[in-house]
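Protein chains in written order, with my numbering: chain A, 1 to 83; chain B, 1 to 83.
Below, the structure is given as structure tokens:
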């Protein structure tokens, strides 16, 4: 069976996000001063061939831990759905 | 009122995603050959001060169009929720 995973990898709250800070500053110049506290991370989609959803989730978790996220600076969330 | 927006900015389907391709290749070396077709975009969170949800959505849309996404190569989706 094929599954689709959607993963968000974000800088941890305690970690300064300079890209987000820069974008927050730019919002003012665009006339969007109501927008605050921009934080920028990664959104990753992938396909998994697995027998069931539990295995697909485990594989996604393994990919996040070993490759997609830097656990010192980033945290991740994901959801897996049948494709 | 304060709202929270979650935005996904992804490379369009027709556009080659070299970062995603490289990560897909690395999955094999990690023993995760079941993972295919990795695509990598941005996940952005921000806060908006607005009178109601419709205004908050309009402001988010404006930010996406004018700053956060490159509409030639990327598409975006977002949801706005009360904070």
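Glycine included, every Cβ here is placed at the ideal spot set by N, Cα and C.
Any C-beta of chain B under 7 Å from that of residue i
i	result
residue 38 of chain A	yes
residue 83 of chain A	no
residue 63 of chain A	yes
residue 25 of chain A	no
residue 52 of chain A	no
residue 70 of chain A	no
residue 45 of chain A	yes
residue 29 of chain A	no
residue 34 of chain A	yes
Separation of residue j from residue i, as counted between CA atoms
i	j	result
residue 66 of chain A	residue 58 of chain A	12 Å
residue 19 of chain A	residue 11 of chain A	11 Å
residue 70 of chain B	residue 22 of chain A	17 Å
residue 60 of chain B	residue 41 of chain A	17 Å
residue 7 of chain A	residue 63 of chain A	10 Å
residue 38 of chain A	residue 52 of chain B	19 Å
residue 54 of chain A	residue 28 of chain B	20 Å
residue 25 of chain B	residue 32 of chain B	10 Å
residue 49 of chain A	residue 17 of chain B	21 Å
residue 73 of chain A	residue 72 of chain B	31 Å
Contact with chain A by residue i, beta-carbon distance below 7 Å
i	result
residue 48 of chain B	yes
residue 8 of chain B	yes
residue 16 of chain B	no
Nearest-angstrom beta carbon gap, residue j and residue i [assumed within contact, 8 Å]
i	j	result
residue 83 of chain B	residue 4 of chain B	4 Å
residue 46 of chain B	residue 46 of chain A	So it is not a contact: roughly 25 Å between Cβ atoms.
Residue i beta carbon near the ligand NAP (any heavy atom closer than 6 Å)
i	result
residue 31 of chain B	As for the ligand NAP, it is missing from this structure, which has no ligand bound.
#### Entry: Whole runs of the alpha helix (DSSP H) within the stretch 3-43 of chain B, excluding any shorter than 4 residues
18-29
### Task
Would you mind listing the beta strand (DSSP E) stretches within the stretch 36-83 of chain B that are 3+ residues and don't spill past its ends, in chain order?
74-82
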